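The sequence shown runs 1 to 402 under the UniProt record's numbering. Every residue, glycine too, gets a C-beta built ideally from N, C-alpha and C. No experiment lies behind these values; they were computed from the predicted model shown. Take a look at the structure below.
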Amino acid sequence: MPSALKFDLLAKCSVTKARAATLTLPHGPVPLPIFMPVATQASLKGLTPEQLEETNCRLCLNNTYHLGLKPGQAVLDAIGGAHKLQSWPHNILTDSGGFQMVSLLKLAKVTEEGVRFLSPHDGSPMLLTPEHSISLQNSIGSDIIMQLDDVIAATSPDFARMEEAMLRSVRWLDRCIAAHRKPETQNLFCIIQGGLDLGLRRRCCEEMVARDTPGIAIGGLSGGEAKEAYCRVVDTCTGLLPEKKPRYVMGVGYPEDLVVSVALGADMFDCVWPTRTARFGNAVTSSGTLNLRHASYATDFRPIEDGCTCACCRPQGDGGLGITRAYIHHVASKETAGAHLLTMHNVHYQLNLMRGIREAVVEDRFPGFIRGFFAKLYLEKSKYPTWAVGALKGVGVDLMED
Ligand SMILES: [Zn+2]
């Protein structure tokens, strides 16, 4: 099928399965691997488009379900899409809306036709079909659009239902491809399903890859499954996917998950966690997550993270705000400013981590980067999570070695 992207593979790690690439989308180039912040309602809670741009974010996520409800398709068509709506000159990825529907609406029911649900506004029965999801995403005008898939919890013990969901997702991909009106300007990604069953995942990879979409996502994960099982699925799928296409693992955002998933061959990630946790007073740093609401920070006059170049931590002399932990502690529970500042820092942290990973892959020193990352985060090897140690050993990096 037509493609509106260019994928330039720049480097491959000589030990792990990590890659560095440049993904050129209709609204400009995006360095891979990348973390994509989630701007649910066409706004990243706590950041203006200018502040988001300042973090060097060049691809963020919008939710089709939320935009379809409000402002709605007619307004999106009238204004000319989500880029114009939010004054965002860079790239946007939208989800299909299906996951939100199934996770937010208890009464959602999946049939072959689509996802049936009751409108949260007036309770009237509604139906999200693959065709409707694509039509909404065509109106949004996002650079990457996602197929509607049949998502069930990866931890479901019901193999028959899991197989049905995987096969239905393939059928729905065909309907999405047929319904897509703007393949020259919007890139449709398929979504590999199959739960934690590697046989189902392999069959799904084969079917989806044959449809030749511009990019490929691995879905249905990050739903509370064991991390070992998560890693096996990602590792298996990336082993079967074409080298010259972007690979997006949906719903992943903890720093250690990002580092391990890149080592397993994935390129793109999204998660609400870094921005959501900011609203609870949590700062993401290379030595772990700090809850700045804790009393011990009341007199801590250091920046959130020493040497951080985000607009919040950077000293005033360098054009930053020179914010201290003590200040955030002071405002965190009273003012939304605390959440804004932490959101700024957390998004910067995630993007900076991905930048560091990319540089390490390009310079072929990614295994050393991984060692340094875990040493700083956990201080002692005995505290390293066993799932991460196991997954990394599987791709040639033994963290326990001296
Ligand atoms: Zn910072």
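Per DSSP, reduced to three states, the secondary structure at residue 182 is coil, with no helix or strand assignment. Its chain contains 36, 38, 93 and 270 as the residues whose beta carbon lies nearer than 6 Å to that of residue 61, once the 5 sequence neighbours on both sides are disregarded; these appear in chain order. For residue 240 against residue 205, the beta-carbon gap comes to about 4 Å, under 8 Å, which counts as contact.
Residue state for residue 190 is assigned as strand, using DSSP reduced to three classes.
A distance criterion of 7 Å places the beta-carbon of residue 304 in contact range of ligand 1, judged by its closest non-hydrogen atom. Under the criterion of beta carbons closer than 8 Å, residue 262 and residue 33 qualify as touching, at roughly 5 Å.
An exposed status is given to residue 302, since fewer than 16 other beta-carbon atoms sit within 10 Å of its beta-carbon. For residue 371, there is no enclosing beta strand (DSSP E); the enclosing alpha helix (DSSP H) covers residues 366–378. Contact between residue 231 and residue 391 holds: CB atoms are separated by about 4 Å, below the 8 Å threshold. Between residue 256 and residue 286, the beta carbon gap of about 11 Å keeps them out of contact (Cβ cut-off 8 Å). Apart from sequence neighbours up to five positions away, the residues of its chain that approach residue 326 with a beta-carbon distance below 8 Å are 297, 298, 299, 300 and 301, ordered along the chain. Here DSSP, grouped into helix, strand and coil, assigns residue 13 to coil. Distance from the CA of residue 339 to the CA of residue 264, rounded to the nearest whole angstrom, comes to 33 Å. A direct Cα-Cα distance of roughly 6 Å separates residue 18 from residue 12.
Taking each of 372, 379 and 382 in turn and checking the Cα distance to residue 397, the smallest one comes out for 372. Taking 7 Å as the cut-off, one finds at least one heavy atom of ligand 1 near enough to the beta carbon of residue 345.
Residue 309 and residue 388 have their alpha carbons spaced roughly 28 Å apart. Between residue 14 and the set 376, 363 and 402, the nearest pair of CA atoms involves 363. Within the same chain, Cβ atoms closer than 6 Å to the Cβ of residue 316 are found at 322, the five residues on either side in sequence being excluded. DSSP places residue 302 outside both helix and strand once states are collapsed to three, so it counts as coil.
Under the three-state reduction of DSSP output, residue 20 falls in the strand class.
Cα atoms of residue 63 and residue 402: separation of roughly 45 Å, rounded to the nearest angstrom.
Fewer than three pairs of CB atoms, one per stretch, sit closer than 8 Å, so the stretch 221–230 makes no contact with the stretch 334–354. Taking 8 Å as the cut-off, the beta carbon of residue 147 is found closer than this to the beta carbon of residue 190. The closest heavy atom of ligand 1 lies less than 7 Å from the beta carbon of residue 348. In the structure shown, residue 33 adopts coil according to DSSP, grouped into three states. Residue environment analysis places residue 68 among the buried positions, since at least 16 neighbouring C-beta atoms fall within 10 angstroms of its C-beta.
Beta-bridge analysis with DSSP links residue 109 to 116. DSSP places residue 215 inside the beta strand (DSSP E), whose first and last residues are 215–218. When the beta-carbon positions are compared, residue 128 and residue 101 come within less than 8 Å of each other.
Within the stretch 55–137, the complete beta strand (DSSP E) segments at least 3 residues long are 59–62, 91–94, 115–118 and 125–128, listed from N- to C-terminus. At a cut-off of 7 Å, the beta-carbon of residue 231 does not count as near ligand 1: no heavy atom of the ligand is closer than that.
Closer than 7 Å to some heavy atom of ligand 1: that does not describe the Cβ of residue 237.
Taking a 10 Å sphere around the C-beta of residue 345, we find 16 or more other C-beta atoms and assign the residue as buried. A Cβ-Cβ distance of about 11 Å is found for the pair residue 311 and residue 53, leaving them out of contact under the 8 Å criterion.
Counting the other CB atoms within 10 Å of its CB gives residue 366 a total of 16 or more, which places it among the buried residues.
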